[in-house]
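Residue numbers (the numbering used here): 3 to 324. Inspection log for the structure reproduced underneath, given as structure tokens.
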């Protein structure tokens with residue numbers, strides 16, 4: 003199969019086309035609809051036909067191009083940038099330019115055949131936009147609250163209070179819109195109910211999972227889901243003498259990882275299954291932060307499980323099947 007490696011930035015993207023014989027061609031295009039059309043025309047001029055395109059999940063710059071290529075019938079893979087970096091290092095790649103990066107990506111695609119990306123539905127996109135907008139509003143609210151706490155000027159304080167009142171109203175309005183979207187779709191409504199059955203998950207966590215991990219049930223397994231969320235453990239050992247403490251890998255969806263911290267603390271107090279899990283880790287002498295990380299990972303496993311099995315969480319399942 004022919005392959006296409008794409009290195010994206012906000013304004014442009016570099017593309018390296020590689021045919022079945024390993025011959026390569028390079029092009030640069032604008033990261034907008036006219037540039038997408040120019041890319042497709044360029045591929046046709048090369049006699050490329052259908053290609054397997056690969057790109058990094060860089061910010062949101064990749065989304066529109068991935069959609070376009072998918073709609074044109076191409077196979078698309080969207081991979082974690084750390085995978086590309088690691089592959090480039092394994093190839094002894096010393097230079098770093100956009101053109102070189104696109105060559106590394108096409109080589110990665112041809113050598114490893116990464117999983118193909120499935121785009122979210124129109125409704126899932128709408129939900130994701132609203133959830134991300136809410137996150138931005140909450141971030142702005144926190145910044146203004148911090149400024150207010152340190153402000154001594156009465157005029158500025160009144161201005162900040164006005165802004166905070168407006169932000170609070172907008173957050174409530176966005177919340178209502180998110181709930182209406184989910185309640186209006188039977189599939190999303192059911193998925194929310196299954197996720198909410200996991201003791202520790204509240205509305206905001208569930209909304210974020212539905213938006214950012216819309217394809218959670220389609221992962222190969224629960225470990226793959228945890229790895230994508232960046233809550234998989236990373237171990238370091240060399241020979242017989244060099245050991246480092248295991249830590250959370252943090253290579254994955256940072257927003258999902260950040261959203262699991264407070265639910266993990268809640269689950270550690272109220273979820274019977276998690277309480278037993280924590281006790282076992284404490285008996286092994288694990289530190290508090292290691293335990294919290296393990297609980298975050300366990301919660302992703304449970305979320306994957308309820309969506310994969312299309313059934314609510316049962317805290318006594320393990321006891322019944324022991």
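The beta-carbon is built from N, C-alpha and C at its ideal position, and this holds for glycine as well. Fair warning: this is a prediction, and the values are worked out from it, not measured in the lab.
Measuring alpha carbon to alpha carbon, tell me which residue in the options is nearest residue i.
i           : options            : result
residue 90  : 114, 228, 74, 313  : 114
residue 316 : 261, 53, 196       : 196
residue 70  : 132, 216, 43, 108  : 43
residue 2   : 274, 219, 15       : Outside the displayed range of the chain (3 to 324) lies residue 2, so it cannot be described from this structure.
residue 4   : 175, 273, 46       : 46
residue 313 : 297, 194, 223, 279 : 194
residue 230 : 20, 171, 74, 85    : 85
residue 41  : 309, 26, 18        : 18
residue 291 : 267, 151, 272      : 267
residue 190 : 284, 271, 163, 124 : 124
residue 59  : 66, 81, 38         : 81
residue 65  : 214, 233, 289      : 214
residue 296 : 265, 307, 306, 233 : 233
residue 305 : 204, 186, 169, 99  : 204
residue 63  : 308, 280, 164, 11  : 11
residue 68  : 93, 9, 159         : 9
residue 255 : 83, 24, 52, 76     : 83
residue 225 : 87, 298, 177, 285  : 298
residue 72  : 156, 279, 120, 98  : 120
residue 135 : 154, 117, 177      : 177
residue 206 : 171, 263, 157      : 263
Quick one: what's got a C-beta closer than 6 Å to residue i's C-beta in the same chain, skipping five residues either side?
i           : result
residue 161 : none
residue 216 : 122, 126
residue 223 : none
residue 310 : 219
residue 166 : 146
residue 153 : 159
residue 100 : 9, 16
residue 128 : none
residue 24  : none
residue 144 : none
Going by beta carbon distance, what residues of the same chain come within less than 7 Å of residue i, once the five residues before and after it are set aside?
i           : result
residue 210 : 133, 257, 258, 261
residue 111 : 5, 7, 54, 56, 79
residue 2   : Because the chain in this structure spans residues 3 to 324, residue 2 falls outside the shown range and cannot be described.
residue 242 : Since pLDDT at residue 242 reaches only 49, below the 50 mark, its modelled position is unreliable, and the value read off the structure follows with that caveat. Excluding positions up to five away in sequence, the list is empty.
residue 30  : 14, 16
residue 307 : 224
residue 38  : 67, 70
residue 48  : 19, 27
residue 269 : 201, 202, 276, 297, 301
residue 283 : 293, 296
residue 118 : 77, 78, 79
residue 185 : 191
Pull the bridge partners of residue i from the DSSP assignment, please.
i         : result
residue 5 : 20, 54
Report the CB separation of residue i from residue j in whole angstroms; it is logged as a contact under 8 Å.
i           : j           : result
residue 302 : residue 228 : 5 Å
residue 20  : residue 108 : 5 Å
residue 202 : residue 148 : No, residue 202 and residue 148 are not in contact; Cβ-Cβ is about 28 Å, not under 8 Å.
residue 181 : residue 140 : Rounded, the Cβ-Cβ distance is 16 Å, inconsistent with contact.
residue 150 : residue 163 : 7 Å
residue 142 : residue 169 : 6 Å
Can you find the residues in the same chain that come closer than 8 Å, C-beta to C-beta, to residue i, ignoring five residues on each side of it along the sequence?
i           : result
residue 13  : 32, 33
residue 105 : 7, 18, 26, 28
residue 74  : 42
residue 50  : 4, 6, 19, 21
residue 130 : 122, 213, 214, 216
residue 279 : 296, 297, 300
residue 76  : 6, 52, 53, 54, 55
residue 93  : 106, 109
residue 187 : 125
For residue i, verify whether its CB is less than 7 Å away from any heavy atom of the ligand ADP.
i           : result
residue 142 : Questions concerning the ligand ADP fall outside what the structure shown contains, since it holds no ligand whatsoever.
Would you say residue i reaches chain C, if we count a Cβ-Cβ gap shorter than 8 Å as a contact?
i           : result
residue 161 : No chain C appears in this structure, which consists of one protein chain only.
- Task: Would you list, in sequence order, the uninterrupted beta strand (DSSP E) runs of no fewer than 3 residues that lie entirely inside the region 8-93?
- Result: Entirely contained in the region 8-93, the beta strand (DSSP E) runs reaching 3 residues are, in chain order, 14-20, 26-32, 53-58, 77-81.
- Item | 3-residue-minimum beta strand (DSSP E) runs that sit fully inside the region 165-195, ordered along the chain | DSSP runs (the beta strand (DSSP E)) wholly in the region 165-195: none.
- Query: Which ranges would you report for the alpha helix (DSSP H) in the region 90-153 if only whole runs of at least 4 residues count?
  - Reply: Counting only runs of 4 or more residues that sit fully inside the region 90-153, the alpha helix (DSSP H) segments are 100-114, 124-152, in chain order.
- Message: Quick check for students: name the residue ranges of the beta strand (DSSP E) that lie wholly in the region 256-292, counting only runs of 3 or more.
- Response: Entirely contained in the region 256-292, not one beta strand (DSSP E) run reaches 3 residues.
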